[in-house]
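Chemist: Below you'll find the structure I mean.
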Amino acid sequence: MESLNKSKASNDKANVGAAAAELLKESKKLANELYEEGLGKVSDVEENVKQYSDQLLKKVQENPLTSVLVAGGIGFLLSKILSK
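This is how it looks when you write it as structure tokens:
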């Protein structure tokens, strides 16, 4: 009877080990998929930021006085808000 219990325990231990290994494998796979998806999104955001910054630079070059006045006005308003 004791031999049967030891055999069952050993079998259970092997099953738990196999399940843990499979879980680890699946977790690594999911982590890699999320990492790759994140890299794709970062690349998309990077491209959007570059595009918008290029558009902003073009607007500033087209209307430099307006751009300086707007930036100055925003800075003035922020200083008034933050100094209170």
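Numbering (this note's numbering), first residue to last: 29 to 112.
Ideal placement from N, C-alpha and C gives every residue a C-beta, glycine not left out.
Give a yes or no on whether the C-beta atoms belonging to Lys87 and Ser81 are separated by under 8 Å.
Modeler: Working through the sequence shown from its first residue, we reach residue 87 at position 59. Working through the sequence shown from its first residue, we reach residue 81 at position 53. No, Cβ-Cβ distance for Lys87 and Ser81 is not below 8 Å.
Chemist: To the nearest angstrom, how far is the alpha carbon of Ser55 from that of Val98?
Modeler: Along the sequence shown, read from residue 1 onward, the residue named residue 55 stands at position 27. Along the sequence shown, read from residue 1 onward, the residue named residue 98 stands at position 70. For Ser55 and Val98, the distance between alpha carbons rounds to 50 Å.
Chemist: Specify the secondary structure class of Lys111 as computed by DSSP and reduced to three states.
Modeler: Here residue 111 corresponds to residue number 83 of the sequence shown, with the count starting at 1. Going by the sequence as given, residue 111 is Ser instead of Lys. If DSSP states are grouped into helix, strand and coil, Ser111 belongs with coil.
Chemist: Can you give the Cα-Cα distance for Ser71 and Lys78, rounded to whole angstroms?
Modeler: Taking the first residue of the sequence shown as position 1, residue 71 is located at position 43. Taking the first residue of the sequence shown as position 1, residue 78 is located at position 50. Cα-Cα distance, rounded: 11 Å.
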